[in-house]
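**Student:**
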Amino acid sequence: MNIKPFIENFEILADAPNGVEKLRKTILQLAVQGKLVPQDPDDEPASILLQRLKSERGRLTKEGFKKYTKSLPTGMDKENLWQLPNGWEWTRLTDIGLINPRNEVNDGKKVSFIPMAFIPAEFGKWVQSETRFWKEIKGGFTHFAEGDVAVAKITPCFQNGKSVVMRGLINGVGVGTTELHVFRPADKSLLLPEYVLLYVKSPDFLICGEAKMTGSAGQKRVPKDYFSLNPFPLPPFAEQKRIVAKVDHLMGLCDELEERKKKRSESQLKLNGALLDKMLSARDPKEFAQHWQRICDNFDLLYDRPETVQKLRQAILQLAVQGKLVPQNPNDEPASILLKKIQAEKQRLIKEGRIRNFKPSSSNKLQEQPYKLSNQWEWVRLEQISIKLGSGSTPRGGKAVYEKKGIPFIRSQNVWNDGLKLDNVALIPEHIHERMRETTVEPCDILLNITGASIGRSCIVPDNFLTGNVSQHVAIVRLVDNKIRHYIHLCLISPYLQSIIMAAQVGISREGLSMKRLKDFLIPLPPLSELERIVTKVDQLMALCDELETKLRKSLCESEKLIEAVVHHMLNTGPQQ
Numbered sequence: 016m017n018i019k020p021f022i023e024n025f026e027i028l029a030d031a032p033n034g035v036e037k038l039r040k041t042i043l044q045l046a047v048q049g050k051l052v053p054q055d056p057d058d059e060p061a062s063i064l065l066q067r068l069k070s071e072r073g074r075l076t077k078e079g080f081k082k083y084t085k086s087l088p089t090g091m092d093k094e095n096l097w098q099l100p101n102g103w104e105w106t107r108l109t110d111i112g113l114i115n116p117r118n119e120v121n122d123g124k125k126v127s128f129i130p131m132a133f134i135p136a137e138f139g140k141w142v143q144s145e146t147r148f149w150k151e152i153k154g155g156f157t158h159f160a161e162g163d164v165a166v167a168k169i170t171p172c173f174q175n176g177k178s179v180v181m182r183g184l185i186n187g188v189g190v191g192t193t194e195l196h197v198f199r200p201a202d203k204s205l206l207l208p209e210y211v212l213l214y215v216k217s218p219d220f221l222i223c224g225e226a227k228m229t230g231s232a233g234q235k236r237v238p239k240d241y242f243s244l245n246p247f248p249l250p251p252f253a254e255q256k257r258i259v260a261k262v263d264h265l266m267g268l269c270d271e272l273e274e275r276k277k278k279r280s281e282s283q284l285k286l287n288g289a290l291l292d293k294m295l296s297a298r299d300p301k302e303f304a305q306h307w308q309r310i311c312d313n314f315d316l317l318y319d320r321p322e323t324v325q326k327l328r329q330a331i332l333q334l335a336v337q338g339k340l341v342p343q344n345p346n347d348e349p350a351s352i353l354l355k356k357i358q359a360e361k362q363r364l365i366k367e368g369r370i371r372n373f374k375p376s377s378s379n380k381l382q383e384q385p386y387k388l389s390n391q392w393e394w395v396r397l398e399q400i401s402i403k404l405g406s407g408s409t410p411r412g413g414k415a416v417y418e419k420k421g422i423p424f425i426r427s428q429n430v431w432n433d434g435l436k437l438d439n440v441a442l443i444p445e446h447i448h449e450r451m452r453e454t455t456v457e458p459c460d461i462l463l464n465i466t467g468a469s470i471g472r473s474c475i476v477p478d479n480f481l482t483g484n485v486s487q488h489v490a491i492v493r494l495v496d497n498k499i500r501h502y503i504h505l506c507l508i509s510p511y512l513q514s515i516i517m518a519a520q521v522g523i524s525r526e527g528l529s530m531k532r533l534k535d536f537l538i539p540l541p542p543l544s545e546l547e548r549i550v551t552k553v554d555q556l557m558a559l560c561d562e563l564e565t566k567l568r569k570s571l572c573e574s575e576k577l578i579e580a581v582v583h584h585m586l587n588t589g590p591q592q
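Numbering (our numbering), first residue to last: 16 to 592.
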């Protein structure tokens, strides 16, 4: 197998989704399959190496390690194993070293103590340790010595690849967490511990080991027999050195590519944010046009991943509520007239007894404007244009009153910015619905999550919705004029109001958004004609963002398929020649 194309396309493969992580796994698997470096026919074959290792293991057993080993079944199941290169041999760790050996150390000696937190998951990381006296820790912990290979046996540490070669131990010995399996090569001049580490970090070893785990959920462990009896691919000693050196080199290259990718992503996000901020803070149409042109000129650079499109969505919403998304028309009826009509309609409803008359929670006179509006726009408080602002409640009995059939009881998990999701909606009986009449939801209402992790999410209740109730975590915003509901929804999910909503979650109490603060929200109200143009434009631009995200996801999917195809080819082609 020619590995040159794999190396030459390293950077391209790294740019795929999770590309660097997949490269690392592929490197480890190629290493233990004998496909990472060429074989040398002059190397002493592993068959001779294996005989010497077995002989040395036998000697060690006779000289004092016998009580730490037990007789194990002979033979090895080689079914479903890959074909080894010439000069390699299948064996088992138990045949070429000691499993979980113990140490004999003077009680007064200082040694290393290593908890699980110090065992690295990454290849090439050195283990850290604490200093302890041997007599304090010799019992009840796992023993190891310089050059031993330790593997975490408990979930999820095993699946995460926590394993290490013990190097730099104080006085050459140490103890640590009991959740380790330890392997000590019979002769480190014949078997490199670092090569064994490649094996225990390889994808095949971890995947097969996970399938063999025993125990209850959260406390599953890899059996000792899997660790000691699983087929181990043994290369010639000279090739072990070449493999370890090659892996070190390629993992270093992965580190560089990962860091470069991270910095590129951070720079891209900073540039994106800076350009959008300048556009949003433009003082006049000319300056706005200049900044927008810069974004257009760098569009492919700024928006090459699905997650970057979210910034663009936020900018669209902010431009919408700042009056910068569509041109103003001096012939439009100003927002002041729209506001008067809304207030007149509200008074009519009060007079007819259809809604309650309530005292404003605060003065409608503005002390300070959040930002300057166009001449035809008006700042209004949310309560000025609403006939209902209130949160829901939990039915007496809580979840115990939910039924398989009944009236929808809308909770925060049902409210999303792109709509009301009723797939998992709770249902309550009719009599409880009647008892909770004050929390009844109507078509065209705006719902807003006011507590918890989903605070700030908002949606419009569909026109064809029949009836329902909301929980105490959701507020109902019912407008005087439903024609403006889509625009008010845009305001609520815009960065301008989201920053105010999120501020309610800051602090120790994290009480959420109060109804008083909700009523006081300042809404930038445009003329009705412009409002309709804004909503139409936002819909168009959001649809384009959807298309862009779909296109980018498709591109990433194709990149992922490419790296998977390359990896599959590499792992299923013959060894290096």
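Ideal placement from N, C-alpha and C gives every residue a C-beta, glycine not left out.
Can you tell me where the beta strand (DSSP E) holding His158 begins and where it ends?
**Tutor:** Residues 157-160.
**Student:** Going by DSSP, what residue range makes up the alpha helix (DSSP H) through Leu38?
**Tutor:** 34-47
**Student:** Mind pulling the beta strand (DSSP E) runs of 3 or more residues that sit fully within the region 238-289?
**Tutor:** 246-249
**Student:** Compute the Euclidean distance between the alpha carbons of Leu404 and Ala297, then round it to the nearest angstrom.
**Tutor:** 34 Å
**Student:** Please state whether the Cβ-Cβ distance between Gln329 and Pro510 is less than 9 Å.
**Tutor:** yes
**Student:** Could you tell me whether the region 387-400 touches the region 472-486, where touching means 3 or more Cβ pairs closer than 8 Å?
**Tutor:** no
**Student:** For the region 467-523, list the beta strand (DSSP E) runs that are entirely contained and at least 3 residues long, ordered along the chain.
**Tutor:** Counting whole runs of 3 or more residues, the region 467-523 contains the beta strand (DSSP E) stretches 473-475, 483-485, 489-494.
**Student:** Could you check what DSSP says for Ala441 in three-state terms: helix, strand or coil?
**Tutor:** strand
**Student:** Measure the alpha-carbon distance for Asn432 versus Ala132 and round it to whole angstroms.
**Tutor:** 40 Å
**Student:** Residue range of the beta strand (DSSP E) that Trp149 falls in?
**Tutor:** Bounds of any beta strand (DSSP E) do not take in Trp149; it lies within the alpha helix (DSSP H) bounded by 149-152.
**Student:** If we ignore side chains and look at the alpha-carbon of each, how far apart do Cys459 and Arg493 end up?
**Tutor:** 8 Å
**Student:** Just reading off the beta strand (DSSP E) that Gly112 is part of, what are its end residues?
**Tutor:** 112-114
**Student:** Below 9 Å between beta carbons: does that hold for Gly471 and Gln428?
**Tutor:** no
**Student:** Kindly indicate which residue of Leu272, Ser408, Ser406, Leu437 has the alpha-carbon position closest to the one of Phe25.
**Tutor:** Leu272
**Student:** Apart from the five residues just before and just after Pro130, which ones in its own chain have a Cβ nearer than 6 Å to its Cβ?
**Tutor:** Excluding sequence neighbours, Pro130 sits near Thr192.
**Student:** Only counting the same chain, and skipping five residues up and downstream in sequence, which positions put a Cβ closer than 6 Å to that of Val336?
**Tutor:** Cys506, Ser509, Tyr511, Pro539
**Student:** Does the beta-carbon of Arg107 have 16 or more other beta-carbons within 10 angstroms, so that it is buried, or is it exposed?
**Tutor:** buried
**Student:** Where does Thr84 sit, in a helix, a strand or coil, going by DSSP?
**Tutor:** With a pLDDT of 47 at Thr84, under the threshold of 50, the modelled position of this residue cannot be trusted; read the value that follows with caution. If DSSP states are grouped into helix, strand and coil, Thr84 belongs with coil.
**Student:** Using the C-alpha atoms, what's the distance from Thr409 back to Asn33?
**Tutor:** Cα-Cα distance, rounded: 43 Å.
**Student:** For the alpha helix (DSSP H) that contains Trp307, what are its first and last residues?
**Tutor:** 300-312
**Student:** For Asp263 versus Pro208, is the C-beta spacing smaller than 9 Å?
**Tutor:** no
**Student:** Output the residue ranges of the alpha helix (DSSP H) runs that lie fully inside the region 345-395 and measure 4 residues or longer, sorted by chain position.
**Tutor:** 350-366
**Student:** Taking C-beta to C-beta, are Pro251 and Trp141 nearer than 9 Å?
**Tutor:** Annotated as distal: Pro251 and Trp141, with beta-carbon spacing of 9 Å or more.
**Student:** Measuring alpha carbon to alpha carbon, tell me which of Val180, Val126, Asp122, Arg147 ends up nearest Ile134.
**Tutor:** Of all alpha-carbon atoms in Val180, Val126, Asp122, Arg147, the one lying nearest the alpha-carbon of Ile134 is that of Val180.
**Student:** Using alpha carbons as the reference points, say which of Gly407, Pro246, Ala165, Leu316 lies closest to Phe220.
**Tutor:** Pro246
**Student:** What is the rounded straight-line gap between the Cα of Ile352 and the Cα of Gln358?
**Tutor:** Distance from the CA of Ile352 to the CA of Gln358, rounded to the nearest whole angstrom, comes to 10 Å.
**Student:** Given Lys85, which residues of its chain have a CB within under 6 Å of its CB, disregarding the five upstream and five downstream residues?
**Tutor:** Note that Lys85 has pLDDT 49, beneath the 50 cutoff, so the model's placement of it is unreliable and the number below is only indicative. Contacts found: none.
**Student:** Within the same chain, show all residues whose beta-carbon is closer than 6 Å to that of Trp307, passing over the 5 residues directly before and after it, in chain order.
**Tutor:** Met294
**Student:** Consult DSSP for Asn186 and reduce its assignment to one of helix, strand or coil.
**Tutor:** helix
**Student:** I need the boundaries of the alpha helix (DSSP H) containing Gly405, first residue and last residue.
**Tutor:** Segment 401-406 is the beta strand (DSSP E) holding Gly405; no alpha helix (DSSP H) there.
**Student:** Report the option in His158, Thr229, Thr76 whose CA atom is closest to the CA atom of Gly187.
**Tutor:** Here the closest residue by C-alpha is His158.
**Student:** I'd like to check one pair, Ser389 with Gly338: are the Cβ atoms closer than 9 Å?
**Tutor:** Ser389 sits close to Gly338, with the two beta carbons spaced by under 9 Å.
**Student:** Determine the DSSP secondary structure at Ile447, reduced to helix, strand or coil.
**Tutor:** helix
**Student:** Alpha carbon to alpha carbon, how far is Arg568 from Ser204? Give it in angstroms, no decimals.
**Tutor:** Roughly 50 Å separates the two Cα atoms.
**Student:** Report, in whole angstroms, the separation of the C-beta atoms of Thr170 and Met228, which I expect to be a contact under 8 Å.
**Tutor:** 6 Å
**Student:** Identify the continuous alpha helix (DSSP H) that holds Thr106 and give its terminal residues.
**Tutor:** Unbroken run through Thr106 is the beta strand (DSSP E), 104-107; no alpha helix (DSSP H).
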